[in-house]
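Residue numbers (the working numbering): 196 to 1237. Remarks on the structure that follows.
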Amino acid sequence: MHPWHRLPQKWILQRSKRISLGFGIAAVETEDIRQLSTLPGLSDDSCAVGLLRVEEQQVPITTTTVHRRQYRTDRDSVTPIHEMIRKLESQGVVSKARSPFNSPIWPVRKSSGEWRLTVDYRALNEVTPPLSAAVPDMLELQYELESKAAKWYATIDIANAFFSIPLAAECRAQFAFTWKGIQYTWNRLPQGWKHSPTICHGLIQTALEKGEAPEHLQYIDDIIVWGNTAGEVFEKGEKIIQILLKAGFAIKRSKVKGPAQEIQFLGVKWQDGRRQIPTEVINKIIAMSPPTSKKETQAFLGAIGFWRMHIPEYSQIVSPLYLVTRKKNDFHWGPEQQQAFAQIKQEIAHAVALGPVRTGPEVKNVLYSAAGNNGLSWSLWQKVPGETRGRPLGFWSRSYRGSEANYTPTEKEILAAYEGLQAASEVIGTETQLLLAPRLPVLGWMFKGKVPSTHHATDTTWSKWIALITQRARIGNPNRPGILEIITNWPEGETFGLSFEEEEEQVTRAEEAPPYNELPETERQYALFTDGSCRIVGANRKWKAAVWSPTRRVAQATEGQGGSSQIAELKAIQLALDIAEREKWPRLYLYTDSWMVANALWGWLNRWKKANWQRRGKPIWAAEIWQDIAARVEKLTVKVRHVDAHVSKSQANEEHHNNEQVDKAAKVKVSQVDLDWQHKGEVFLARWAHDASGHQGRDATYRWARDRGVDLTMDNISQVIHNCETCAAIKQAKRVKPLWYGGRWLKYRYGEAWQIDYITLPQTRQGKRYVLTMVEATTGWLETYPVPHATARNTILGLEKQVLWRHGTPERIESDNGTHFKNGLINTWAREHGIEWIYHIPYHAPAAGKVERCNGLLKTTLKALGGGTFKNWELNLAKATWMVNTRGSINRAGPAQSEPLHTVDGDKVPVVHMKGILGKTVWINPTSSKGRPIRGIVFAQGPGSTCMQYWARRLEQEIDGVMRIFGGVQQLRKPRESASALLAYAWEIRILLASVMRNHSVCEGVLARKKNIRPHPCLLQKATDGYLTFSDNNLLWGIYME
């Protein structure tokens, strides 16, 4: 259970206090403390604008002209905005201009009731060149401020900071706007432009560094200082104000707050290093009425979402509210939504303060993690001696994503711990010790060195978990590892844990044994090291328990079947007790690396005995063994010490060496000694980096890991690459490059081999965001199929509609190893259709060269048709596919062409030669044209052109060849007459093509219905002119004979 509890909100004010509120910054001040607002040089003008003493700034200039008309604005804003523009013009901030650019004004009302002049630069922002961001993360600033644990604060807000930064003349035209028929532009940095915060933050930071400002935190134009006394804070604030005024900025008197013990910064109330939800925010949220539309629900979620770190299991509470905001769902406010709405408001009203972040050896950082039915949750707490309950540093939660809901219970707990470690590292750093408290054991799986056979998560995901957790555990000294799992090693699925209240109780350690190296020589003969292990051998689970005597240098072991590693640990204790009783030892010193054994013998046995070996009405796990151990411990003095098994060889002492000996003796099958745990963790880390970086070489993997703050050795990377099966397959593929790139397609005819893939595009209003691309291997013909999700069912549907029904059943399909291709459903479907499904070598792009090439062409074409973006890509998909299929040049033919483009009367046209029949050249053209076809335009709707070429080539080999390829229809007569007789049988050829389009086999039944299928009325008339057209629903063909 998570220690969710409510701490009372207390307003601790000093004597003679008054509350000052202005411009969103509130502070509690005292009358006998000098305030920063009394300093000289501060402005009382509400429209004060400074001018930074720097060169005019060169900012990125867009190469695309953006012109947007002014839309209607709020009537209440007209007069204030007009007066503001006049004021800014008199101050030189804006000036009249004539520019091809124009953006609409977008007035914004402040919380104080005043209006802010902003311009809607969204269209301009889309085409503005990028600029590296330098604005710090707001959450990171809050974490850092928490760690200060200060008593006094002061805040400074620069007045109109953007308007204080001059712009170069050549950069001003793009910021033009129109007001009351007059066009203006900005001479200073405008609000609403995407790079303004970055530029402003950087210039203010430079000015403060140049002036050697005291310690502070800055977020664009908001600055906070802190200290333990009011005088210290006043001196820091005064120094920073002088630096800013000297640089040319203006500071309003009303925007300077403090020194004070309570203050607001970035919308959060701060007191004693703790961040709280401001009272006015709580009152505003509580006063909100139930939403009546999706938009109102989204507004409510936006208001409470900023405070989610204060709410335990926030994600699970508000999940019913998120359901009604989805596009595919109609708005329906039911009992579940009302209950969630009321509950989250109640949670906001009783939200706890977070922090401060304390440091020191006596501080315990505890991370509680849990995986529920609907999602993950974790929380970080700190506790120091003297506190009955710890202080929370944050609550996190989220729902399961994708396949995470299908993970095993152990994998879900590991995922929760993994996410919690990442969040905790941002708050307390990575150098402090962290007590990990999951519901199921985690560290044991991380250090086993192999992925369990029943796992659902991918090997890459497991490598990622192992890499982070083992690296975090290695940080620290031998007696204080980076991560310490404070729960016992309970078997998975057993109710064998303690409640939070029980865990908080101090375990009596009166019988704790001293470290082995401190044990007197006369007492070492009574010391035994114990361990147990379990593994599956064949179809059975086998366990082994062992005891090691460091003085005799011998081990004794016992084995059995059907147990677990926890059973083996208990059997090892029984074996040690057997030895002590048999040899009549006066006392026994037990050394074990199992927290379960140590905690039980330290004090839990007495607690369980008093509870009649039950917990919550149920027998505890392995009660009979525990009863036997408890009875024997009463007759023998037993002292227990926990040995840390996860220590590097360089830091291991005699105690750790003895524990390693018993660990070897407890192995079920000892064929070779495994790597020590540190090297094992480094190998896992190297394997994760190699996989995540895309199976690059040794040096590239090393650089990739170094750039992400991970230290690896070249030897470990080389070892991982040497053992990598994927890299071996890539090397093998490169050795047979000629066969792979060209020769492998020579044995296939048209339509027998395809490469397929998915590309991701922006989601449309219909919910589609993926396109299944299918490329015919011999010609490069492209088929596309848009879908909402990349799934196996959509893959099969797209193949049947676009490939099987149009081009016939292929013999071979190639794809990558994605879950939408590599699964049982796809394998069954391919087997039923007699298709050989080949999976490409991962991270080897040439293996999928044809489909990757078409993917790039398709994306480029879609972007061109969308005016530089993927806007309306679904509407443009058919045209883009047509353009990809008709690509070609004078030197190379496109998929819809049999030869390169020829020049006829100045036009480049595709041609198809029909040698051996009429001796004429055939051009394929759209049937939409009347009379003679338009030269240079290729008709490529569906597989039309390719099938037409295929039909033309087969006619060279007589119609009997066509019959053999399309099913061997005996009713189709073999024409032996002239060219006009050949044309007369075109309607029978049409039946063949139509049946392929409809996925019908060409059989007697199809030909029996030929009375309902009529040849084109212009067939005979146009035959004499050399122009023949025949149609079948959406499939139209045109042949022009020259």
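Here a beta-carbon is modelled for each residue, glycine too, at the ideal position from N, C-alpha and C. Bear in mind the structure is a predicted one, so any value in this text is a computation, not a measurement.
Original post:
What are the boundary residues of the alpha helix (DSSP H) that includes glutamine 493?
Top reply: As a first step, residue 493 must be located in the sequence shown, where it is residue number 298. Under the DSSP assignment, glutamine 493 falls in the alpha helix (DSSP H) whose first and last residues are 489–500.
Original post:
Going by other Cβ atoms of all chains shown within 10 Å of its Cβ, with 16 needed for buried, is arginine 1001 buried or exposed?
Top reply: Translated into positions along the sequence shown, residue 1001 becomes position 806. So arginine 1001 ends up on the buried side.
**OP:** Can you have a look at arginine 836 and say buried or exposed, based on whether 16 or more other CB atoms are within 10 angstroms of its CB?
**Re:** Locating residue 836 in the sequence shown gives position 641, where the first residue counts as 1. Only buried fits arginine 836, as 16 or more other CB atoms lie within 10 angstroms of its CB.
Subject >> Euclidean distance between Cα positions of arginine 383 and glycine 1051 >> reply: The residue labelled residue 383 in the question sits at position 188 within the sequence shown. The residue labelled residue 1051 in the question sits at position 856 within the sequence shown. Going by the C-alpha atoms only, they are around 41 Å apart.
Subject >> Own chain partners of serine 272 with C-beta closer than 7 Å, once the 5 adjacent residues on each side are dropped >> reply: Here residue 272 refers to the residue found at position 77 when the sequence shown is read from its first residue. Answer for serine 272: Pro302 and Trp310, listed in chain order.
Subject >> 4 or more residues per run - each alpha helix (DSSP H) lying fully within the segment 604–664 >> reply: Counting only runs of 4 or more residues that sit fully inside the segment 604–664, the alpha helix (DSSP H) segments are 604–623 and 638–641, in chain order.
**OP:** For glycine 538, collect the residues of the same chain with a Cβ closer than 8 Å to its Cβ; drop the 5 residues on either side in sequence, then sort them by chain order.
**Re:** By one-based count along the sequence shown, residue 538 stands at place 343. Checking the displayed sequence, the identity of residue 538 turns out to be glutamine instead of glycine. Closer than 8 Å at the Cβ level, and outside the excluded window around glutamine 538, lie Ile512.
Subject >> When Ser744, Gly798 and Gly946 are compared against isoleucine 774, the one with the closest alpha-carbon >> reply: Position 579 of the sequence shown, counting from 1, holds the residue named residue 774. The closest CA to that of isoleucine 774, considering only Ser744, Gly798 and Gly946, is found on Ser744.
**OP:** Would you verify that the beta carbon of valine 303 is, or is not, closer than 9 Å to some beta carbon of chain B?
**Re:** Any reference to chain B falls outside this structure, which holds one protein chain only.
Original post:
How long is the line joining the alpha carbons of arginine 586 and isoleucine 228, rounded to whole angstroms?
Top reply: Locating residue 586 in the sequence shown gives position 391, where the first residue counts as 1. Locating residue 228 in the sequence shown gives position 33, where the first residue counts as 1. In a straight line, the C-alpha of arginine 586 is about 31 Å away from that of isoleucine 228.
**OP:** May I ask you to report which of helix, strand or coil DSSP gives histidine 1002?
**Re:** As a working mapping, residue 1002 is identified with position 807 in the sequence shown. Histidine 1002 falls in the helix class under three-state DSSP.
**OP:** Provide the residue(s) that pair with valine 451 in DSSP beta bridges, ordered along the chain.
**Re:** Position 256 of the sequence shown, counting from 1, holds the residue named residue 451. The partner list for valine 451 (beta bridge, DSSP) reads Ile351.
**OP:** Using three-state DSSP, classify arginine 1026 as helix, strand or coil.
**Re:** On the sequence shown, residue 1026 is found 831 positions in, with the first residue counted as 1. Helix at arginine 1026.
Original post:
Would you say the segment 549–563 touches the segment 577–584, given that touching needs at least three Cβ pairs under 8 Å?
Top reply: Between the segment 549–563 and the segment 577–584 there are three or more inter-stretch CB-CB distances shorter than 8 Å, so the stretches are counted as touching.
Subject >> Neighbourhood of glutamine 369 by C-beta distance below 7 Å, restricted to the same chain and skipping five residues each side >> reply: For this step, residue 369 is matched to residue 174 along the sequence shown. Spatial neighbours of glutamine 369 in its own chain (CB-CB distance under 7 Å, excluding positions within 5 residues in sequence) are listed in chain order as Ile256, Thr257, Phe296 and Leu319.
Original post:
Between the C-alpha atoms of lysine 441 and leucine 247, what's the straight-line distance to the nearest angstrom?
Top reply: For the purposes of this step, residue 441 is identified with residue 246 of the sequence shown, where counting begins at 1. For the purposes of this step, residue 247 is identified with residue 52 of the sequence shown, where counting begins at 1. Between lysine 441 and leucine 247, the C-alpha separation is close to 9 Å.
Original post:
Got a sec? Which residues, its chain only, sit under 7 Å from alanine 860 by beta carbon, not counting five neighbours each side?
Top reply: Here residue 860 corresponds to residue number 665 of the sequence shown, with the count starting at 1. Closer than 7 Å at the Cβ level, and outside the excluded window around alanine 860, lie Ala741, Trp743, Ala750 and Ala752.
Original post:
Looking at the structure shown, is glutamate 978 part of a helix, part of a strand, or coil, going by DSSP?
Top reply: Walking along the sequence shown from the start, residue 978 turns up at place 783. Correct three-state label for glutamate 978: strand.
Subject >> Straight-line Cα distance separating leucine 1070 from lysine 1058 >> reply: Sequence index remark: in the sequence shown, residue 1058 carries index 863 (1-based). Sequence index remark: in the sequence shown, residue 1070 carries index 875 (1-based). Computed Cα separation, rounded: 12 Å.
**OP:** Measure the C-alpha to C-alpha separation of proline 814 and tryptophan 808 and round it to an integer number of angstroms.
**Re:** Position 619 of the sequence shown, counted from the start, is the residue given in the question as residue 814. Position 613 of the sequence shown, counted from the start, is the residue given in the question as residue 808. Going by the C-alpha atoms only, they are around 6 Å apart.
Subject >> One or two residues paired with arginine 311 in a DSSP bridge >> reply: In the sequence shown, counting from the first residue as 1, residue 311 sits at position 116. BP columns for arginine 311 point to Val303.
Original post:
Between glycine 443 and alanine 243, what straight-line distance do the alpha-carbon atoms span, to the nearest angstrom?
Top reply: As a position in the sequence shown, residue 443 is number 248, starting the count at 1. As a position in the sequence shown, residue 243 is number 48, starting the count at 1. So the alpha carbons of these two residues sit roughly 12 Å apart.
Original post:
Between leucine 783 and the ligand PLP, is the CB less than 8 Å from at least one heavy atom?
Top reply: The model depicted lacks the ligand PLP and carries no ligand whatsoever.
Original post:
Quick one: complete alpha helix (DSSP H) runs, 4+ long, within the segment 512–572?
Top reply: The segment 512–572 contains, as complete alpha helix (DSSP H) runs of 4+ residues, the segments 530–544 (chain order).
Original post:
Does the pairing of the segment 719–728 with the segment 774–787 give three or more beta-carbon distances under 8 Å?
Top reply: The segment 719–728 makes contact with the segment 774–787, as at least three CB pairs between them are under 8 Å.
Original post:
Nearest to proline 325 by CA position, among Ile276, His390 and Phe358, is which residue?
Top reply: As a working mapping, residue 325 is identified with position 130 in the sequence shown. Sorting Ile276, His390 and Phe358 by C-alpha distance to the C-alpha of proline 325 places His390 at the top.
**OP:** Just confirm the distance between the C-beta atoms of lysine 1045 and valine 966, as a whole number of angstroms; I'd bet it's less than 8 Å.
**Re:** Start at 1 with the first residue of the sequence shown, and residue 1045 comes out as number 850. Start at 1 with the first residue of the sequence shown, and residue 966 comes out as number 771. Here lysine 1045 is actually not in contact with valine 966; their C-beta atoms are around 16 Å apart, not less than 8 Å.
Original post:
Between the beta-carbon of tryptophan 502 and the beta-carbon of tyrosine 348, is there less than 9 Å?
Top reply: To locate residue 502, count along the sequence shown from 1; it is residue 307. To locate residue 348, count along the sequence shown from 1; it is residue 153. At a Cβ-Cβ threshold of 9 Å, tryptophan 502 and tyrosine 348 do not count as neighbours.
**OP:** Just grab the DSSP bridge partners of glutamine 1238 for me.
**Re:** Because the chain spans 196 through 1237 in this model, residue 1238 falls outside it and cannot be assessed.
Subject >> N-terminal and C-terminal residue of the alpha helix (DSSP H) that tryptophan 803 is part of >> reply: Looking up residue 803 in the sequence shown gives position 608. From DSSP, the alpha helix (DSSP H) with tryptophan 803 extends over 800–805.
Subject >> For alanine 1025, the nearest candidate out of Leu629, Arg1007, Lys523 and Val420 (CA to CA) >> reply: Mapped onto the sequence shown, residue 1025 falls at position 830. For the residues Leu629, Arg1007, Lys523 and Val420, the minimum Cα distance to alanine 1025 belongs to Arg1007.
Subject >> Option in Glu1009, Met483, Arg667 and Pro551 with minimal Cα separation from glutamate 1047 >> reply: The sequence position of residue 1047 within the sequence shown is 852, counting from 1. When C-alpha distances from glutamate 1047 are compared across Glu1009, Met483, Arg667 and Pro551, the shortest belongs to Glu1009.
Subject >> Sequence-distant residues of its chain with Cβ nearer than 8 Å to tryptophan 374 (five each side left out) >> reply: Here residue 374 corresponds to residue number 179 of the sequence shown, with the count starting at 1. Exclusion of the five residues before and after tryptophan 374 leaves Gln265, Ile276, His277, Ile280 and Ile300 as the residues of its chain whose Cβ lies within less than 8 Å of its Cβ.
**OP:** Kindly indicate the opening and closing residues of the alpha helix (DSSP H) around lysine 859.
**Re:** As a working note, residue 859 is residue 664 in the sequence shown. Residues 849–860.
**OP:** Work out the CA separation of arginine 553 and asparagine 423 for me, nearest whole Å.
**Re:** Here residue 423 corresponds to residue number 228 of the sequence shown, with the count starting at 1. Here residue 553 corresponds to residue number 358 of the sequence shown, with the count starting at 1. Rounded to the nearest whole angstrom, the C-alpha separation of asparagine 423 and arginine 553 is 15 Å.
Original post:
How long is the line joining the alpha carbons of valine 998 and threonine 260, rounded to whole angstroms?
Top reply: The count along the sequence shown starts at 1 and reaches residue 998 at position 803. The count along the sequence shown starts at 1 and reaches residue 260 at position 65. Roughly 43 Å between the two C-alpha positions.
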